[in-house]
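Shown next, in structure tokens, is the structure this report addresses.
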Amino acid sequence: MNAPRLSIVGLNKSFAHKHALTDISLDIHAGEILALLGPTGAGKTTTIRAIAGLESLSSGRVYLNGSEITQLSPTDRDVAVVFEGFNLLPTLSVYDNIAFPLRSTIYRETEEVISERVNKAADNLRISLLLSRKVNQLSGGERQRVAIARALVRRPTLYMFDEPLSALDLKLRESLVAELREMQRMNGATMLYATHDYGSAASLGHRIALIENGHILQVGTLSDLIATPRHIGVGRLIGSPAMVFFDVLNDKDMLSIEGLPWKWRFDTSLPAVAGITQGLILGIWPEDVELEFSPRTGFAQCEVHATDYRGLDRAIELRRGTNRVRKAIALAPAVQRGDSCWLGLPTSKIFAFNAQTGERVPGSLTLLESHE
Amino acid sequence: MASIKLNNLTMRYGNSTAVNGINLAIDDGEFVVFLGPSGCGKTTTLRCIAGLENPTSGDILFDGVKVNHLHASARNVAMVFQFISLYPHKTVRKNIAFPLRARGLSEAQIVEKIKWVEDVFSLSEVMDRYPNSLPPGSRQLAALARAVVRDPKVLLLDEPLSAIDEQFREEMRWELKHLQSRLGVTTIHVTHDQREAMSLADRIVLMHSGDVVQIGTPQALFNDPINEFAAHFIGSPAMNLADVQVASGGLMLGSSLLPLGSLPTPLSEPGNLRLGIRPNHVQRDGKAGEPGCVLALIEDRYAIGREEYFQFSLGGQKFVGIDKEKNRQLAEVGTSEMIRFDCAEMRFFTPDGIKVVAP
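So the protein sequences, as listed, match chains L and H.
For the first sequence, this note's numbering gives the first residue as 745, with consecutive numbering after it.
For the second sequence, this note's numbering gives the first residue as 621, with consecutive numbering after it.
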């Protein structure tokens, strides 16, 4: 099997005494888009800068097409980066901005080749009509496309995007995500796309790598991440609404949730169960939460606390005691704040996480009683 | 609290018109969202209402009284910005007390007011902390609390949630909506995020290039967009929009005929139109010859969460559909499938994008 297009192994980076990156390892395969999803400050930009050679590392190795490039200077690495701030040259025309990397001493393409490539990239990104304009006459969305086109003309081994769209209007962001996806489908480029926006990551990434506090939590396709989340952070970062969590009260291996009528037995193969069940958090994807608008055996009565119209559907928040459940539901029947509804948690869909480390605790729940 | 009226509000900078003669009436206690892309004039309108800009012409009325000549500080409005403007060297409590002290309230009154916002905003755990030690969501809540503690007539929010990460933003939206209804303060919120607008607004004022495009409830804008701009801007994933030719028996998309049982009256004459249909009304369960059904080659498919999307082209124009049935076999790229467009959910626009009104 061929080596991955990009392989990073055990990247570590500290600023002062703070760990910015801890043991980051990732593979990206040829023709793949890997989305790097995490909150602001998680280490996304540092990871991209490290791959590009713009960041010195405490330890770790970077391989491109199987060859180590850890020690190469940024200009000797065949990667292109689009940053949030675009870094365009304001006094040059759109054409000259896009052509800029091809005219550098490394490439020195003929003007004929340059013209062909610039026109093709501009065509791809629908900015052909803007080629003679100055960059400072462009809107934010147009500038963004120019920056992407400039990255495209070089045909590097790997493209990296660092929150390239987060400064744009939401609507523009959606259409650029669709365009990037389409473009990648046509030319099979390999991409690393960093974002804090779940929607962009989910619609672009063939696989998603979740990053939090400088740690990779999990890497997988969206359906893998949903089927077997390995960390509580996966539940926080994936979905709209995200995973529903409950703090657990435990009595040895009996679990319950304060204010809710169920009691489960938790069996785990992990040693020192007693220690682990001291602090467990239960999680369930909102799509797996069951809801009825009339009483049903085994279900818990809750109050609708908020409703959120979203056009195609409605998200609601249920409350009972300190428990909160958010879930998207159909527009009909109409529900309002203050209405009652009945909540069911299918036992087989519940995940258990260690409250201290956030790690998933493998094991199985058995429903023992439901006193409501 | 106050009602707000804008009469022909216009704002020009040199030769460019930022706000082009806006007329608008906002009820007392209403939550209105100004929505539109960058440069549509939403923020300028808000700043005129706040008194931070002097309109070129037109009137601004609070409770029927013209306030154009009043300085911002005399209008009794509170404004919260995208970038959180709390004093970093003061605790949350002192930040909130600040506007009250500045107004010369007695200590007893201040204590009472602070207690009130502390309860309403559930801030008790953060009152004695410094802003920089708080997560962005709590910081923005504290900034809101400081804005409303002095009982403003009008609350103006300029993209207050856009600097907050997506995963907190959803929670903030729900919190903000709940708080506004509890406080009952007339609120204008500016955003480019249509989800935020749909979620928060009693009514949305959709703007584009300095003009008001459409005013209405979120449902009205979603279901009955007045033009193509509104159709495209509201709703995610975006509405499919395509050129069609009205022909006998249906609509032509390039060389494909999309049969319609009966042509809606405004379409009875041959001609070019724009068809709009939302992706959730495009399904893969069509039957040959039935109204709204047409054969198409599946070009791409992808999942977002548990939603399955598929993409195809007709007459060189792209369409996206969402599979509603969860357990059916996934669309296969490269195969042809019978697509069903829900005829009742089709929307039509003239070639220049104006809604075609049924007589």
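Ideal placement from N, C-alpha and C gives every residue a C-beta, glycine not left out.
Model, not experiment: these values are computed from the prediction.
In chain order, L820 place their CB closer than 7 angstroms to the CB of L796 (chain H), counting only its own chain and leaving out the 5 sequence neighbours on each side.
The segment 772-845 of chain H is shown to contain whole beta strand (DSSP E) runs of 3 or more residues at 774-778, 806-811, 823-828 and 831-836, in chain order. In the structure shown, Y807 (chain L) adopts extended strand secondary structure according to DSSP, grouped into three states. Residue environment for A763 (chain H): buried (at least 16 other C-beta atoms within 10 angstroms of its C-beta). In terms of beta-carbon proximity, I824 (chain H) stays away from the interface with chain L, with every pair separated by 8 angstroms or more. Ranking L:Y942, L:I1001 and L:I960 by CA distance to the CA of L966 (chain L) puts L:Y942 first.
By the neighbour-count criterion, in which a residue is buried when 16 or more other Cβ atoms sit within 10 angstroms of its Cβ, H691 (chain H) is exposed. Residues of the segment 830-852 of chain H with a C-beta less than 8 angstroms from any C-beta of chain L: P838, Q839, F842 and H852, listed in chain order. Closest in C-alpha terms to F939 (chain H), from the list H:R926, H:I646, H:L915 and H:S782, comes H:L915. 8 angstroms or more divides the Cβ of T665 (chain H) from the Cβ of F682 (chain H). Segment contact: the segment 1006-1015 of chain L against the segment 1092-1112 of chain L, three or more CB-CB distances shorter than 8 angstroms; contact assigned. Contact between L706 (chain H) and N715 (chain H) holds, with the beta-carbon distance rounding to 5 angstroms and staying under 8 angstroms. Residue state for Q928 (chain L) is assigned as helix, using DSSP reduced to three classes.
Annotation: R632 (chain H) to S751 (chain L) spans about 54 angstroms, alpha carbon to alpha carbon. About 5 angstroms separates the Cβ atoms of E776 (chain L) and H950 (chain L), confirming a contact at the 8 angstroms cut-off.
Cβ-Cβ separation between G912 (chain H) and L877 (chain H): approximately 11 angstroms, too far for a contact (criterion under 8 angstroms).
The segment 735-771 of chain H contains, as complete alpha helix (DSSP H) runs of 4+ residues, the segments 756-768 (chain order). Taking a Cβ-Cβ cut-off of 8 angstroms, the neighbours of P783 (chain L) in chain H comprise D785 and Q787, given in sequence order. Taking C-beta atoms as the reference points, P751 (chain H) and I784 (chain H) fail to come closer than 8 angstroms. Relative to M958 (chain H), the option among H:A923, H:R904 and H:E919 whose CA is nearest is H:R904. Within the same chain, Cβ atoms closer than 8 angstroms to the Cβ of V832 (chain H) are found at I642, N643, L644, V825 and L826, the five residues on either side in sequence being excluded. Taking the beta carbon of G757 (chain H) as reference, no residue of chain L falls within 8 angstroms; the closest one sits roughly 12 angstroms away. If you draw a 10 Å sphere on the C-beta of T972 (chain L), you find fewer than 16 other C-beta atoms in it, and that means exposed.
Bridge partners of S876 (chain H) according to DSSP: H:L873. Taking 8 angstroms as the CB threshold, Q729 (chain H) stays off the interface with chain L. Between the alpha carbons of D822 (chain H) and V652 (chain H) lies a gap of roughly 6 angstroms. Taking 8 angstroms as the cut-off, the beta carbon of F853 (chain H) is found no closer than this to the beta carbon of V902 (chain H). M859 (chain H) has a beta carbon lying at 8 angstroms or more from every beta carbon in chain L. The DSSP-derived three-state label of T965 (chain L) is coil. Inclusion of K1071 (chain L) and P985 (chain L) in the CB contact set at 8 angstroms is warranted, their separation being smaller than that value. For R1063 (chain L), there is no enclosing alpha helix (DSSP H); the enclosing beta strand (DSSP E) has its first and last residue at R1058 to R1064.
N860 (chain H) is bridged by DSSP to H:I897.
Within 8 angstroms of the CB of S758 (chain L), no CB atom of chain H is found; the nearest one sits about 22 angstroms away.
In this structure, the beta-carbon distance from P719 (chain H) to V769 (chain H) falls below 8 angstroms.
Apart from the 5 residues on each side of it in sequence, G1003 (chain L) sits with its Cβ closer than 8 angstroms to the Cβ of R1064, G1065, T1066 and N1067 in its chain, given in chain order. Partner residues in the beta bridge of M904 (chain L), as assigned by DSSP, are L:V825 and L:L936.
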